[in-house]
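Q: Below is one structure. I have some questions about it.
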DNA sequence: TTGTAAGCGTTATCAT
DNA sequence: ATGATAACGCTTACAA
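Protein chains in written order, with my numbering: chain U, 2 to 359; chain R, 2 to 359.
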């Protein structure tokens with residue numbers, strides 16, 4: 002039985018399309034495939050989505066037709082009919098920041114062999130921008146959301162939780178245990194500081210990150226706890242509030258030095274800060290690591306090539322991104338899963354050494 | 002005249018939706034707005050798209066209704082009906098590379114206040130991956146494409162040219178003059194080398210980037226031309242083929258040193274390479290800039306905080322991204338425009354100085 | 001297992 | 001200027 006009959010309007014529109022736009026290769030639709038394979042549109046849709054069993058013969062015919070005609074399903078029609086977009090919204094805070102980029106890259110990798118594509122947006126660390134950006138993403142009907150870095154107000158977060166599958170990366174939020182990926186910043190900072198203590202240092206300075214950031218605060222706590230645990234009194238004047246950038250490192254060191262504060266070691270809240278601190282010391286003729294040891298945080302790629310190479314805390318950034326993608330996929334497919342544990346690691350290079358004689 | 006009549010199927014579907022999914026807030030559609038504002042769907046669509054004049058009263062009523070009901074047009078329906086997606090595909094080569102990230106960031110900025118959203122994909126420097134990625138993007142019905150960094154074969158490029166509005170960033174391609182944004186790598190490299198020459202250096206080494214990259218080759222040419230122009234003979238043994246990364250810098254310097262090659266200055270094809278080179282010199286106890294001057298390329302943020310801060314060529318990366326977005330927008334709206342000229346700048350810091358006595 | 005047909009929410013065409 | 005209505009290409013009851 003031949004199925005050559007085409008709906009009048011379909012024939013017409015196809016005709017018009019070809020007349021008006023003879024150069025544009027006509028878009029192959031499931032109707033075309035259906036005709037070609039001698040089945041109905043529904044059947045084509047079925048083999049496309051694997052929703053209902055289809056006879057092997059027909060399935061093969063459909064597949065062959067799709068291949069032959071180079072069929073690509075129209076995402077809009079699909080989205081409109083099904084309500085799914087196969088798109089994941091990723092909210093990052095800073096294109097160009099080593100750690101957030103690495104996480105983003107991980108997300109891309111984690112999504113690479115799936116039917117989902119990421120669409121990125123930049124929240125720029127600002128809650129209101131973050132909210133707007135989330136809104137845009139939802140307007141684009143993303144199926145799920147990955148929010149990297151704290152930036153959303155809890156009210157927005159609450160709303161998200163009941164609106165759309167969401168995974169948080171790089172910040173811990175109460176009530177989000179099942180969909181939240183983060184490292185133990187406090188423990189990592191403790192280890193880093195501990196490393197300095199073990200090298201004999203007792204006058205250990207710290208330059209924090211942006212005060213309102215969770216990461217920043219936890220690293221500060223870790224620093225404090227390590228000192229306290231070792232019986233070292235905390236000197237508040239040896240703590241400088243920075244902003245996670247190179248300048249903060251410079252300013253921090255200058256500030257300590259100008260006030261005559263002595264220190265033989267420094268723990269910076271991230272590598273960029275450590276670079277700045279190292280430069281400030283260099284300007285003053287203070288040697289690293291002979292006079293002052295430095296530990297950073299992040300292990301961004303440049304850390305291995307500074308002079309001297311920087312001892313720092315490695316964050317499994319890529320892995321976090323990949324894991325986030327996996328968790329979200331599981332969430333979308335309502336599969337059971339456990340959030341992976343993410344470990345940091347102290348990478349010891351040459352910017353730290355045993356404390357010399359004062 | 003009241004317009005309370007609702008099509009049977011519409012009422013039904015709305016009813017079913019509410020029955021089945023009482024928690025989900027019903028999606029407001031233009032039909033709802035039409036009813037509310039006492040006009041037809043068409044009119045709503047008209048004020049939405051500004052396609053045909055609409056009486057001020059009705060327009061206001063529609064706008065009010067949209068605001069009141071918190072209407073968000075459905076992107077899929079829109080895309081399906083209009084064939085436009087208001088999405089721009091951005092193909093980058095490397096999430097995490099300072100320069101490409103900065104360009105991407107620029108694209109985001111350039112698109113920020115438009116109706117278009119970017120969707121990113123990573124070509125990973127591989128032509129076949131690049132092609133696949135472009136295919137995916139087209140499958141997603143992006144309205145335009147921005148390809149950052151060379152990665153596509155010319156056959157693919159030819160096809161793109163007649164298929165979809167495309168802008169190339171960071172590589173020059175013949176025949177794409179109107180939609181191609183790039184810096185004058187050769188001139189920039191010439192300036193950088195020239196700077197070293199003016200400081201009295203004659204033994205100037207160069208570590209290239211990946212040999213197959215256009216950027217890399219042009220910087221090499223610029224280096225050669227500067228030397229030639231100054232009447233300095235080119236020593237091929239002072240040229241090392243690198244890969245645009247820190248290790249290349251280390252290996253390059255080691256290679257020169259091991260072969261007993263003398264040089265008092267070094268031009269690296271990018272900053273990462275310069276960092277590596279600087280480290281290798283440090284390891285050998287060779288001072289920068291007292292013994293060897295170094296110039297990098299890119300001016301990535303870390304360059305200002307190395308010891309000593311690195312003299313380097315600034316690329317207007319952000320601006321390139323912003324310009325790319327603008328050019329594409331103009332292309333999409335068929336507006337006239339001229340591709341902006343992008344200038345580089347030599348940022349002189351402390352890694353270069355007058356050649357001392359040998 | 002398969003086909004029919006009714007949507008999905010817009011835009012675009014055609015009258016009026 | 002405005003309203004009906006077809007069309008966009010696909011999914012999904014419902015029937016068979």
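For glycine and all other residues, C-beta sits at the position ideal for the given N, C-alpha and C. As the structure is a prediction and not an experimental result, all values here were calculated from the model.
What three-state label does DSSP hand residue 203 of chain R in the structure shown?
A: For the purposes of this step, residue 203 of chain R is identified with residue 202 of the second chain, where counting begins at 1. In the structure shown, residue 203 of chain R sits in coil (DSSP, three-state: anything other than H, G, I, E or B).
Q: Count Cβ pairs between the stretch 60-74 of chain R and the stretch 89-99 of chain R that sit closer than 8 Å; are there 3 or more?
A: They do not touch, by the three-pair rule.
Q: Rounded to a whole number of angstroms, what is the C-alpha to C-alpha distance between residue 342 of chain U and residue 320 of chain U?
A: Start at 1 with the first residue of the first chain, and residue 342 of chain U comes out as number 341. Start at 1 with the first residue of the first chain, and residue 320 of chain U comes out as number 319. Cα to Cα, the separation comes out at about 10 Å.
Q: Within 10 angstroms of its Cβ, does residue 61 of chain U collect 16 or more other Cβ (buried), or is it exposed?
A: Residue mapping note: residue 61 of chain U aligns to position 60 of the first chain, counting from 1. Residue 61 of chain U is exposed by the Cβ-count criterion.
Q: Taking a Cβ distance cut-off of 8 Å, strictly less, list which residues of the stretch 294-318 of chain U are near chain R, in chain order.
A: Here the close residues are 302, 303, 305, 306, 307, 308, 309 and 310.
Q: So which residues on chain R does residue 120 of chain U lean against when the C-beta distance must stay under 7 Å?
A: Mapped onto the first chain, residue 120 of chain U falls at position 119. What residue 120 of chain U touches in chain R: 118 and 120.
Q: According to the neighbour-count rule (16 or more other Cβ atoms, all chains shown, within 10 Å of its Cβ), is residue 265 of chain R buried or exposed?
A: The residue given as residue 265 of chain R occupies position 264 in the second chain. Buried, since its Cβ has 16 or more Cβ neighbours within 10 Å.
Q: Out of curiosity, what's the CA-to-CA distance linking residue 339 of chain U and residue 323 of chain U?
A: By one-based count along the first chain, residue 339 of chain U stands at place 338. By one-based count along the first chain, residue 323 of chain U stands at place 322. Taking the straight line joining both Cα atoms gives about 14 Å.
Q: Less than 7 Å between C-beta atoms, sequence neighbours within five positions excluded: which residues of the same chain meet that for residue 287 of chain U?
A: Sequence index remark: in the first chain, residue 287 of chain U carries index 286 (1-based). Hits under 7 Å: 293.
Q: Would residue 288 of chain U pass as an interface residue toward chain R - the criterion being a Cβ-Cβ separation below 8 Å?
A: As a working mapping, residue 288 of chain U is identified with position 287 in the first chain. Residue 288 of chain U does not count as touching chain R.
Q: Shortest alpha-carbon distance to residue 350 of chain U belongs to which of U/308, U/240 and U/127?
A: Working through the first chain from its first residue, we reach residue 350 of chain U at position 349. With distances taken between Cα atoms, residue 350 of chain U lies closest to U/308.
Q: Please decide whether residue 72 of chain U counts as near chain R, where near means a Cβ-Cβ distance under 8 Å.
A: Here the question's residue 72 of chain U lines up with position 71 in the first chain. So no, residue 72 of chain U is outside the interface.
Q: Put residue 6 of chain R into one of helix, strand or coil per three-state DSSP.
A: By 1-based counting over the second chain, the position of residue 6 of chain R is 5. Any answer about residue 6 of chain R is weak, because its pLDDT of 38 lies below 50 and its placement is not dependable; what the coordinates show is given next. The answer is coil: DSSP assigns residue 6 of chain R none of H, G, I, E or B.
Q: I want to verify the contact list: residues of chain R whose CB lies under 9 Å from the CB of residue 160 of chain U, in sequence order.
A: To locate residue 160 of chain U, count along the first chain from 1; it is residue 159. Ordered by position in chain R, no residue passes the 9 Å Cβ test against residue 160 of chain U, which lies about 11 Å from the chain.
Q: Let's test the definition: count the other Cβ atoms within 10 Å of the Cβ of residue 95 of chain U and tell me whether it reaches 16, buried, or not, exposed.
A: Along the first chain, read from residue 1 onward, the residue named residue 95 of chain U stands at position 94. It is buried - the Cβ of residue 95 of chain U has at least 16 other Cβ atoms within 10 Å.
Q: Just tell me which of U/337, U/116 and U/130 has its CA closest to the CA of residue 137 of chain R.
A: As a position in the second chain, residue 137 of chain R is number 136, starting the count at 1. Selected option, being the one with the closest Cα: U/116.
Q: Secondary structure at residue 351 of chain R, three-state DSSP: helix, strand or coil?
A: Against the second chain, residue 351 of chain R aligns to sequence position 350. Residue state, collapsed to three classes: coil.
Q: For residue 360 of chain R, which of R/179, R/154 and R/228 has the nearest alpha-carbon?
A: Residue 360 of chain R lies beyond the stretch modelled for chain R, which goes from 2 to 359, so this question has no answer here.
Q: Quick check: the Cα distance between residue 243 of chain R and residue 186 of chain R, rounded to an integer number of angstroms?
A: Stepping through the second chain from its first residue, residue 243 of chain R is reached at position 242. Stepping through the second chain from its first residue, residue 186 of chain R is reached at position 185. Approximately 17 Å between the Cα atoms of the pair.
Q: Could you give the DSSP three-state label for residue 231 of chain U: helix, strand or coil?
A: Reading the first chain from its first residue, position 230 is the one you call residue 231 of chain U. Looking at residue 231 of chain U - three-state DSSP - the assignment turns out to be coil, as it is neither helix nor strand.
Q: Please classify residue 165 of chain R: does DSSP put it in a helix, a strand, or coil?
A: Working through the second chain from its first residue, we reach residue 165 of chain R at position 164. Coil.
Q: Can a CB atom of chain U be found closer than 8 Å to the CB of residue 77 of chain R?
A: As a working mapping, residue 77 of chain R is identified with position 76 in the second chain. So yes, residue 77 of chain R belongs to the interface.
Q: Under 8 Å, Cβ to Cβ, is there at least one residue of chain R near residue 105 of chain U?
A: The residue labelled residue 105 of chain U in the question sits at position 104 within the first chain. For residue 105 of chain U, the answer is yes, since a Cβ of chain R falls inside 8 Å of its Cβ.
Q: According to DSSP, which residues form a beta bridge with residue 240 of chain R?
A: Walking along the second chain from the start, residue 240 of chain R turns up at place 239. BP columns for residue 240 of chain R point to R/207.
Q: So, with DSSP's three-state summary, where would you put residue 184 of chain U?
A: On the first chain, residue 184 of chain U is found 183 positions in, with the first residue counted as 1. Looking at residue 184 of chain U - three-state DSSP - the assignment turns out to be coil, as it is neither helix nor strand.
Q: Give the straight-line distance between the Cα atoms of residue 302 of chain R and residue 102 of chain R, rounded to the nearest whole angstrom.
A: Within the second chain, residue 302 of chain R is the residue found at index 301, counting from 1. Within the second chain, residue 102 of chain R is the residue found at index 101, counting from 1. Between residue 302 of chain R and residue 102 of chain R, the C-alpha separation is close to 12 Å.
Q: Mind pulling the chain U residues with CB within less than 9 Å of residue 146 of chain R?
A: Start at 1 with the first residue of the second chain, and residue 146 of chain R comes out as number 145. Near residue 146 of chain R there are no residues of chain U at all, since even the closest Cβ is about 14 Å away, more than 9 Å.
Q: If residue 318 of chain U and residue 111 of chain U are in contact, beta carbons under 8 Å, what's the gap, nearest whole angstrom?
A: Looking up residue 318 of chain U in the first chain gives position 317. Looking up residue 111 of chain U in the first chain gives position 110. In fact, because the Cβ distance is near 12 Å, the residues do not count as touching under 8 Å.
Q: Taking all protein chains shown into account, do 16 or more other C-beta atoms lie within 10 angstroms of the C-beta of residue 36 of chain U, making it buried, or fewer, making it exposed?
A: Working through the first chain from its first residue, we reach residue 36 of chain U at position 35. So residue 36 of chain U counts as buried.
Q: Spell out whether any CB of chain R is found under 8 Å from the CB atom of residue 142 of chain U.
A: Working through the first chain from its first residue, we reach residue 142 of chain U at position 141. Taking Cβ atoms only, chain R reaches closer than 8 Å to residue 142 of chain U, which makes this a yes.
Q: Would you mind working out which of U/210, U/231 and U/230 sits nearest residue 221 of chain U, comparing C-alpha positions?
A: In the first chain, counting from the first residue as 1, residue 221 of chain U sits at position 220. The shortest Cα separation from residue 221 of chain U among U/210, U/231 and U/230 belongs to U/210.
Q: Give me whichever residues DSSP pairs with residue 294 of chain R in a beta bridge.
A: If you number the second chain from 1, residue 294 of chain R lands on position 293. Bridge partners of residue 294 of chain R: R/266.
Q: Starting from residue 79 of chain U and walking both ways along the alpha helix (DSSP H), at which residues does that stretch end?
A: Start at 1 with the first residue of the first chain, and residue 79 of chain U comes out as number 78. Start and end: 76-83.
Q: Since residue 275 of chain R and residue 250 of chain R should fall inside the 8 Å C-beta cutoff, what is the C-beta to C-beta distance between them, to a whole number of angstroms?
A: Mapped onto the second chain, residue 275 of chain R falls at position 274. Mapped onto the second chain, residue 250 of chain R falls at position 249. So it is a contact: roughly 6 Å between Cβ atoms.
Q: Relative to the C-alpha of residue 232 of chain R, which candidate in R/208, R/255, R/259 and R/202 has its C-alpha closest?
A: The residue you call residue 232 of chain R lines up with position 231 of the second chain. Nearest C-alpha to residue 232 of chain R: R/202.
Q: Apart from the five residues on each side of it in sequence, which residues of its chain come closer than 8 Å, Cβ to Cβ, to residue 272 of chain R?
A: For this step, residue 272 of chain R is matched to residue 271 along the second chain. 99, 297, 298, 299, 300, 301, 303, 304, 311 and 313.
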